[in-house]
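Note sheet for the following structure.
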């Protein structure tokens, strides 16, 4: 991408932000980059430039969607994706960026590709890189920092529980086998790890074991480890990680600016599909908000079951559905237009919704989600209980955290949407006493989140420590 050449005299700090260009990792790291860049600008005339490194595909989408990044001195630079010329994915090309092979090819080629991209950025900015910040999955960036004699800050875009699991991942199978041989009552439960007494093996992050293991083995090299969470969300796990790393910083949620956390009635202005005006027409805690992100969606049979449950219960719903909406509606209906029409009388389906603004609206009573970590944090920020249908990676573990540890929602029966199972889940959250208790618990977590981002709160204090770590690093 084209980059403005800056005069060396005007730049005192050059911060390199390296993404792991898969799923939601780039957008989450960009949210942290925005906060850091805004803090640099807010402290006076900014002499700090942030070079944001990702693949061309990723950067094009991120920077096309946000034209304000240049004003914050955030500059995109492309890193080669590591795929050989003419590469053909083994399965659905639309899901290539979720498959293990492209990830391993990217990591394998990353050392040379990162060096090349870093040199290009230094030439364009006119200043040596003074600090390397990278997604923790991209542990090879630590070697780049060592070569330049600058700090490496590793960023975990997911939650702290999954980070603990990554450190234990090699030990867990052998421990379970041992427990089985000595007649343990339930060897599949991870109660031998502090804070995981409600977690089973099936909840653990799946796939990419070698990448996760390499990350865990290399994090001790980092000057600081930053996590997209707030300390009060999981004190036991936070304490474990504090004991393991000297400079462990919970500064999340990355996507929330401190001044916005306590202003639930101030919505983002970008609402092209009229979601907020539609919500204004409904009673408090009555609307079902549905979104499964932009990566994976349930099977057609599950989507139809979800639609049938909405038609039967009559709850108003707002459904953010990524993709070709007309085509998907036709597929979901399966020719049963009567069910579709009955549900849509009280529903609104859109291709995109301002999710945080929606979840903060008082009419929203439950969030039906894939249990991505950012979605969990945003639901807490809105004080909304959840119904979880996880798919892959850390999503099953996130659901266990939401349901069994925080007790602010529940998973769908059997792990998939069925009509009656979804009806029962909706009624539980929206109409029964247990749903009221969930709302009180998520409200308490919301209070803790807001306090963490006040000037003397834990996330704000940790963010200040992070700024000191990054901004006090000088160019060579």
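Numbering (the working numbering), first residue to last: 53 to 528. C-beta atoms are modelled at their ideal positions from N, C-alpha and C, and glycine is treated no differently.
Extent of the continuous beta strand (DSSP E) run through residue i
i	result
residue 438	438–440
residue 429	From DSSP, residue 429 is part of no beta strand (DSSP E) but of the alpha helix (DSSP H) over 425–434.
residue 130	126–130
residue 67	65–70
residue 342	339–343
residue 250	Per DSSP, residue 250 belongs to no beta strand (DSSP E) and is neither H nor E.
residue 398	Counting along the chain, residue 398 falls outside any beta strand (DSSP E), and DSSP gives it neither H nor E.
residue 369	369–372
residue 530	What is shown of the chain runs 53 to 528, which leaves residue 530 out entirely.
residue 300	300–302
residue 274	Note, residue 274: premise wrong, no beta strand (DSSP E); not H, not E.
residue 208	204–208
Option nearest residue i by Cα separation, candidates the options
i	options	result
residue 182	65, 191, 328, 486	65
residue 247	289, 206, 284, 272	289
residue 543	271, 475, 515, 451	Because the chain is modelled from 53 through 528, residue 543 falls outside the range shown and cannot be assessed.
residue 338	177, 207, 410	410
residue 68	204, 161, 308	204
residue 470	353, 408, 126, 117	353
residue 206	186, 175, 200, 180	186
residue 269	103, 349, 101, 218	218
residue 513	477, 303, 249	303
residue 366	396, 373, 161	396
residue 451	251, 418, 413, 355	251
residue 530	507, 369, 430	Shown here, the chain extends from 53 to 528; a query on residue 530 therefore has no answer.
residue 245	264, 266, 216	216
residue 458	331, 76, 432, 275	432
residue 212	405, 169, 163, 292	292
residue 393	116, 345, 350, 364	364
residue 159	113, 190, 278, 332	190
residue 359	255, 519, 472, 155	472
residue 350	110, 333, 330, 375	375
residue 82	109, 108, 118	118
residue 262	114, 115, 155	155
residue 272	157, 508, 294	294
residue 330	398, 466, 483	398
residue 345	442, 109, 518	442
residue 332	523, 498, 412	412
Beta-carbon contacts of residue i that lie in its chain and below 7 Å, excluding the five residues immediately before and after
i	result
residue 124	86, 89, 90, 93
residue 454	423, 428, 438, 440, 460, 461
residue 314	Reliability fails at residue 314, whose pLDDT of 44 lies under 50, so the model's placement of it is uncertain and the value that follows must be treated cautiously. Correct list, in chain order: 502.
residue 196	166, 167, 170, 184
residue 84	207, 306
residue 193	70, 166, 184, 186, 204
residue 521	203, 205, 275, 276
Beta-carbon proximity check, residue i vs residue j, cutoff 8 Å
i	j	result
residue 325	residue 420	no
residue 280	residue 80	yes
residue 202	residue 165	no
residue 249	residue 335	no
residue 161	residue 134	yes
residue 301	residue 274	no
residue 327	residue 405	yes
residue 99	residue 63	yes
residue 500	residue 284	yes
residue 505	residue 308	yes
residue 343	residue 372	yes
residue 435	residue 495	yes
residue 297	residue 510	no
residue 267	residue 188	yes
residue 278	residue 497	no
N- and C-terminal bounds of the alpha helix (DSSP H) containing residue i
i	result
residue 160	152–177
residue 294	287–296
residue 109	108–117
residue 523	510–523
residue 327	327–331
residue 365	352–365
residue 193	193–200
residue 449	447–452
Close-in-space but distant-in-sequence residues of the same chain around residue i (CB under 6 Å, 5 per side omitted)
i	result
residue 106	71, 73, 78
residue 516	none
residue 210	425, 446
residue 481	418, 437, 487
residue 101	63, 66, 125, 177
Cβ-based neighbour list, residue i, same chain, cut-off 8 Å, excluding 5 preceding and 5 following
i	result
residue 173	55, 66, 68, 103, 105, 127, 129, 181
residue 255	448, 449, 451, 452
Inside the stretch 458–504 only - beta strand (DSSP E) runs reaching at least 3 residues: Counting only runs of 3 or more, we get 461–463.
Segments of 4+ residues assigned as alpha helix (DSSP H) that fall wholly inside the stretch 400–426: Entirely contained in the stretch 400–426, the alpha helix (DSSP H) runs reaching 4 residues are, in chain order, 407–411.
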